[in-house]
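Trainee: Numbering (this note's numbering), first residue to last: 1 to 370. Glycine residues also receive a C-beta, built at the ideal position from the N, C-alpha and C atoms.
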């Protein structure tokens with residue numbers, strides 16, 4: 001088991017940095033080091049780990065308050081969730097364009113190469129904007145956390161793209177392909193411009209505009225706004241390009257297992273309402289209310305037993321709760337607490353005249369009276 005954990009940690013945290021180093025070396029070195037293998041691993045592992053990491057961090061849109069305490073999440077989503085189809089569309093365009101150039105290379109006609117370069121350019125600019133979005137004070141303070149690793153794939157994509165464009169231009173020049181001759185003078189001039197690799201940089205910028213318009217039109221058909229690619233970064237909170245203000249964060253007391261479990265994924269832990277604890281607003285679900293109602297009942301009926309239970313929990317529960325730092329850990333805690341929740345509920349229904357009234361009054365500031 002420890003060997004498996006070490007291997008997973010290596011693949012997730014060390015291997016991406018090693019691949020980035022190899023990618024940088026291949027950009028400047030004439031004799032490439034395992035170029036194809038490195039490229040495939042960068043795209044396969046890079047995309048996979050980015051998706052897993054983005055989901056693992058459990059980012060929320062700017063309208064939702066952050067739960068401060070139990071989770072390691074300290075910011076809202078850097079990309080608005082409703083803009084993800086646009087972001088994915090640009091990413092697909094960039095990846096397809098990249099592999100089109102890398103696989104087909106000089107077999108492609110010049111116009112197709114330039115269009116592929118345009119797709120790479122659009123995606124690279126978008127990747128750069130994403131990097132700028134993440135590069136804020138929060139990132140500097142948390143250099144080696146999940147947000148840092150979200151930068152790995154965008155950086156590597158840009159490095160791979162630069163290398164692919166340099167290589168295809170070099171090979172095309174070495175092949176010394178003669179432009180096609182046409183009877184029409186205008187077509188002859190266009191052919192000479194296209195076959196001259198010196199013009200490819202400017203042409204890729206020019207052709208990026210119609211390519212981008214086509215992409216925006218397709219995405220609009222799927223319900224995306226024409227300016228979605230910009231608003232994806234603006235309609236966020238806490239990040240470099242963010243323009244929205246999010247609600248104040250909600251405090252989560254990391255001492256209590258039931259409270260910490262609430263920082264899990266909403267579909268599982270099912271938060272029901274807001275509550276008040278020690279004068280501060282907290283998120284409440286049924287499991288938390290049942291646990292607190294049980295403690296309240298025990299305190300009323302048998303103060304000595306309550307004192308003993310509280311002593312045991314303070315001794316063993318607090319240290320355990322402090323080790324819950326992610327949504328997945330909170331989910332597991334919530335599931336493990338389920339049998340106890342059922343026991344607490346059974347006790348309430350056996351010994352309390354109006355158990356649901358007691359449960360509903362928890363964290364409302366009201367006092368339960370039989």
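1) Does DSSP put residue 337 in a helix, in a strand, or in coil?
2) Express the C-alpha separation of residue 97 and residue 123 in angstroms, rounding to a whole number.
3) Give me whichever residues DSSP pairs with residue 280 in a beta bridge.
4) Determine the DSSP secondary structure at residue 287, reduced to helix, strand or coil.
5) Which whole-angstrom value describes the C-beta separation of residue 334 and residue 264, a residue pair presumed to lie in contact below a C-beta threshold of 8 angstroms?
6) Work out the CA separation of residue 235 and residue 81 for me, nearest whole Å.
7) Please state the DSSP three-state secondary structure of residue 136.
8) Ignore the nearest five residues each way along the sequence and tell me which others in residue 164's own chain have a CB closer than 8 angstroms to its CB.
9) Taking only the alpha-carbon atoms, compute the straight-line gap between residue 374 and residue 202 and give it to the nearest angstrom.
10) Taking the straight line between their C-alpha atoms, what separation do you get for residue 269 and residue 362?
11) Alpha carbon to alpha carbon, what distance is there between residue 158 and residue 33?
12) Whose C-beta lies closer than 8 angstroms to the C-beta of residue 360 among residues of the same chain, with five residues either side of it excluded?
13) From what residue to what residue does the alpha helix (DSSP H) around residue 208 run?
14) Does the separation of the CB atoms of residue 126 and residue 90 fall below 7 angstroms?
15) How about residue 22 and residue 38: are their beta carbons less than 7 angstroms apart?
16) How is residue 79 classed by DSSP in three states: helix, strand or coil?
17) How would you call residue 228, buried or exposed, if buried means at least 16 neighbouring beta carbons within 10 angstroms?
18) Would you call the segment 291-298 and the segment 339-347 in contact, with 3 or more CB pairs under 8 angstroms?
19) Near residue 349, which residues of its chain fall below 8 angstroms by C-beta distance, leaving aside the five closest residues on each side in sequence?
20) Could you check if residue 160 is buried or exposed, using at least 16 other CB atoms within 10 Å of its CB as the buried criterion?
21) What are the boundary residues of the alpha helix (DSSP H) that includes residue 99?
22) I'd like to know whether the C-beta atoms of residue 133 and residue 222 end up nearer to each other than 7 angstroms.
23) Note down, one range per segment and in chain order, each alpha helix (DSSP H) of at least 4 residues found wholly within the segment 145-183.
24) Measure from the alpha carbon of residue 64 to the alpha carbon of each residue in 305, 237 and 298, then state which is nearest.
25) Report all residues from its chain with a CB closer than 8 angstroms to the CB of residue 284; omit the five preceding and five following residues, and keep chain order.
26) Looking at the unbroken alpha helix (DSSP H) that takes in residue 230, where does it start and where does it end?
27) Could you give the first and the last residue of the continuous alpha helix (DSSP H) run that contains residue 355?
28) Taking 6 angstroms as the cut-off, is the CB of residue 14 close to at least one heavy atom of the ligand MG?
29) Express the C-alpha separation of residue 347 and residue 339 in angstroms, rounding to a whole number.
Mentor: The relevant details are as follows:
1) Looking at residue 337 - three-state DSSP - the assignment turns out to be coil, as it is neither helix nor strand.
2) Cα-Cα distance, rounded: 9 angstroms.
3) Residue 280 pairs with 277.
4) The three-state reading of DSSP puts residue 287 in helix, counting H, G and I together.
5) Under the criterion of beta carbons closer than 8 angstroms, residue 334 and residue 264 qualify as touching, at roughly 5 angstroms.
6) Pairing residue 81 with residue 235, the inter-Cα distance amounts to about 10 angstroms.
7) Of the three classes helix, strand and coil, the one that applies to residue 136 here is coil, per DSSP.
8) Within the same chain, Cβ atoms closer than 8 angstroms to the Cβ of residue 164 are found at 98, 101, 102 and 120, the five residues on either side in sequence being excluded.
9) Here the chain covers residues 1 to 370 and nothing more, so residue 374 does not appear.
10) Going from the Cα of residue 269 to the Cα of residue 362 covers about 17 angstroms.
11) Those two C-alpha atoms are separated by around 18 angstroms.
12) Excluding residues within five positions, the ones whose Cβ falls inside 8 angstroms are 289.
13) Counted as a single uninterrupted DSSP element, the alpha helix (DSSP H) harbouring residue 208 occupies residues 200-221.
14) Closer than 7 angstroms, so yes.
15) Yes.
16) Correct three-state label for residue 79: coil.
17) Classification for residue 228: buried.
18) Yes, since at least three Cβ pairs between the segment 291-298 and the segment 339-347 fall closer than 8 angstroms, the two stretches touch.
19) Excluding residues up to 5 positions away in sequence, 355 lie with their Cβ nearer than 8 angstroms to the Cβ of residue 349 in the same chain.
20) Residue 160 comes out buried.
21) 84-104 is the extent of the alpha helix (DSSP H) around residue 99.
22) No, these two residues do not count as a Cβ contact at 7 angstroms.
23) Runs of the alpha helix (DSSP H) inside the segment 145-183: 146-150 and 152-175.
24) Comparing Cα-Cα distances from residue 64 to each of 305, 237 and 298, the minimum goes to 237.
25) Excluding positions up to five away in sequence, the list reads 262, 271, 272, 273, 274, 275, 362 and 363.
26) 228-234 is the extent of the alpha helix (DSSP H) around residue 230.
27) Looking at the DSSP string, the run of the alpha helix (DSSP H) that includes residue 355 is 355-361.
28) Of the ligands one can find in the structure shown there are none, so the ligand MG has no counterpart to examine.
29) Each residue's Cα considered, the two are about 13 angstroms apart.
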